[in-house]
Amino acid sequence: MVLRLIRKKITSNIVIKDHVIRYVAIRPSSPFTVREYGERILPEGIIRDGKIMDKESLTLILEECVEDWKIKGQNVRFLVPDQYVVIRKIQIPNDIPDEEIKGYLYLELGASIHLPFEEPVLDVSLLGIAGDKKEVLLFATPEDVVLDYSDVLEEVKLKPMAADISPLSIFRLYAMLDLANPKDHLMVIQYDLEVVNVSLFHEYKPVFMRYLTMDLHFPSWKRDQEGKYVWTGEPDDLIGQMEDIYTEIDRIMNFYKFSLQQGKAEVTHILLTGDHPKYRDIYKRLTDMTEITVDTIDQDFIVDGTGNKLDRAFHLALGLALKEVK
Numbered sequence: 050m051v052l053r054l055i056r057k058k059i060t061s062n063i064v065i066k067d068h069v070i071r072y073v074a075i076r077p078s079s080p081f082t083v084r085e086y087g088e089r090i091l092p093e094g095i096i097r098d099g100k101i102m103d104k105e106s107l108t109l110i111l112e113e114c115v116e117d118w119k120i121k122g123q124n125v126r127f128l129v130p131d132q133y134v135v136i137r138k139i140q141i142p143n144d145i146p147d148e149e150i151k152g153y154l155y156l157e158l159g160a161s162i163h164l165p166f167e168e169p170v171l172d173v174s175l176l177g178i179a180g181d182k183k184e185v186l187l188f189a190t191p192e193d194v195v196l197d198y199s200d201v202l203e204e205v206k207l208k209p210m211a212a213d214i215s216p217l218s219i220f221r222l223y224a225m226l227d228l229a230n231p232k233d234h235l236m237v238i239q240y241d242l243e244v245v246n247v248s249l250f251h252e253y254k255p256v257f258m259r260y261l262t263m264d265l266h267f268p269s270w271k272r273d274q275e276g277k278y279v280w281t282g283e284p285d286d287l288i289g290q291m292e293d294i295y296t297e298i299d300r301i302m303n304f305y306k307f308s309l310q311q312g313k314a315e316v317t318h319i320l321l322t323g324d325h326p327k328y329r330d331i332y333k334r335l336t337d338m339t340e341i342t343v344d345t346i347d348q349d350f351i352v353d354g355t356g357n358k359l360d361r362a363f364h365l366a367l368g369l370a371l372k373e374v375k
């Protein structure tokens with residue numbers, strides 16, 4: 050008699066940004082273990098503002114990644130680009146059964162629900178009851194964007210099984226490390242090379258998201274001998290753009306306090322994450338501009354199977370991987 054050991058199929062988790070592809074796989078044990086991870090820098094112009102501009106080149110690069118990382122045929126999760134995600138809290142009639150909420154929202158598109166794009170993919174999370182209404186959290190993204198990324202992944206012999214959004218992924222890691230408090234009004238700042246995504250969480254739910262861009266010339270970022278990005282353009286250009294971002298962050302704090310919370314609540318904690326080369330400077334600037342506690346996810350908390358620290362740049366992909374950890 051031959052006994053065959055049934056191994057649980059590994060799921061790859063891939064984050065694709067304008068400038069980079071990152072991959073993480075974990076062993077979904079408790080505590081979880083980082084099994085594998087990898088990174089591939091993308092040439093400028095293949096993806097621009099989250100939109101695939103050169104599908105052929107992206108496919109060729111992903112094929113090389115699949116071969117290098119030995120993940121051919123695996124299930125894969127991926128992230129929808131932040132700039133195409135809408136998060137909105139809305140109220141619907143209380144008599145709509147929970148299992149029919151998503152269908153109701155699709156019917157209301159163009160009537161009571163207006164989105165900045167056609168043919169969306171919707172997801173929904175029930176928040177609770179407010180008087181005679183149900184409060185729900187609506188997540189929307191253009192279907193064609195999701196399909197563009199899904200199609201490319203299928204072309205390189207991966208099996209897309211789920212799409213997620215970056216605020217949920219990074220918060221999942223934050224919560225898994227037991228750093229989250231449901232009473233907090235948490236601002237999550239994902240500060241990357243050219244873009245910043247700001248989201249706000251309360252009671253473990255995202256209630257707001259704003260995507261910010263920096264008007265910088267990408268080729269002015271060069272990689273040094275250690276593979277780290279270094280700004281080679283005019284220093285004042287970078288400083289000015291970053292100061293504009295801090296101004297926007299302050300505006301978002303005020304908007305949250307006075308518009309969304311009617312002055313009854315305000316941001317109580319900030320989580321700073323992301324892959325920006327000047328991460329430490331950004332952290333210091335945030336702590337200088339506000340009395341609010343600025344948290345980070347300590348890289349000492351997360352190591353791979355050999356004890357090496359997992360670089361902060363991979364935290365987002367790790368949060369995506371934790372979707373399978375209960």
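Per the working numbering, the very first residue in the sequence shown carries number 50; after that it's consecutive.
Where is the CB? At the ideal position from N, CA and C, for every residue including glycine.
Contact set for residue i: own chain, Cβ-Cβ below 7 Å, skip 5 residues either direction
i: I90; result: H68 and V69
i: E168; result: P191, E192 and D193
i: L226; result: I346 and F350
i: T82; result: I75, R76 and G354
i: L335; result: I319, L321 and V343
i: R259; result: V247 and I301
i: K151; result: L171 and V173
Range of the contiguous alpha helix (DSSP H) that encloses residue i
i: K104; result: K104 to W118
i: A366; result: H364 to A370
i: K333; result: Y328 to M338
i: G177; result: That residue, G177, is in no alpha helix (DSSP H); its beta strand (DSSP E) goes P169 to A179.
i: K151; result: I150 to E157
Exposure of residue i, with buried meaning 16 or more beta-carbon neighbours within 10 Å
i: K358; result: exposed
i: A179; result: exposed
i: L384; result: The structure shown has nothing for residue 384, since the chain only spans 50 to 375.
i: D241; result: buried
i: G122; result: exposed
i: M102; result: exposed
i: L52; result: Confidence in L52 is poor, its pLDDT being 40 and thus under 50, which makes the residue's placement unreliable; the coordinate value appears in the next sentence. The residue in question, L52, is exposed, as its Cβ has fewer than 16 Cβ neighbours within 10 Å.
i: V352; result: exposed
i: K183; result: buried
i: P216; result: buried
i: K232; result: exposed
i: K66; result: buried
i: T281; result: exposed
i: T262; result: exposed
i: H325; result: buried
i: V279; result: exposed
i: A229; result: buried
i: H364; result: buried
i: L109; result: exposed
i: H266; result: exposed
i: R221; result: buried
i: K58; result: exposed
i: Y86; result: buried
i: A362; result: buried
i: F307; result: exposed
i: P130; result: buried
i: H234; result: buried
i: D181; result: exposed
i: S78; result: exposed
Where the beta strand (DSSP E) containing residue i begins and where it ends
i: I70; result: V69 to R76
i: F127; result: N124 to L128
i: M210; result: K208 to D213
i: V195; result: Per DSSP, V195 belongs to no beta strand (DSSP E); it is in the alpha helix (DSSP H), E192 to E204.
i: L91; result: Segment: none, L91 is in no beta strand (DSSP E) and carries neither H nor E.
i: T355; result: It is not in any beta strand (DSSP E) - T355 carries neither H nor E in the DSSP assignment.
i: I145; result: Per DSSP, I145 belongs to no beta strand (DSSP E) and is neither H nor E.
i: I319; result: H318 to T322
i: L410; result: This structure does not reach residue 410, given that the chain is present from 50 up to 375, and the question cannot be answered.
i: R258; result: The displayed chain sequence assigns Met, not Arg, to residue 258. Where M258 is concerned, the enclosing beta strand (DSSP E) stretches over K254 to T262.
i: V245; result: V244 to H251
i: V343; result: T342 to D344
i: N62; result: T60 to I65
Other residues of its chain near residue i: CB distance less than 8 Å, five sequence neighbours each side excluded
i: S174; result: V185, L186, F188 and K254
i: R97; result: D67
i: P92; result: S106
Contact set for residue i: own chain, Cβ-Cβ below 6 Å, skip 5 residues either direction
i: N62; result: V73, R126, A366, L369 and A370
i: E148; result: none
i: Y328; result: none
i: I120; result: S61
i: K208; result: N124
i: L154; result: L171
i: I111; result: Note that residue 111 is Leu in the sequence shown, not Ile. Contacts found: V205.
Practice problem: Pick out the complete beta strand (DSSP E) segments inside the region 267-293, 3 residues or longer, and give them in chain order. | Solution: 270-272 and 278-280
Self-check item: Cβ contact (3+ pairs, closer than 8 Å) linking the region 274-294 and the region 200-207
Solution: no
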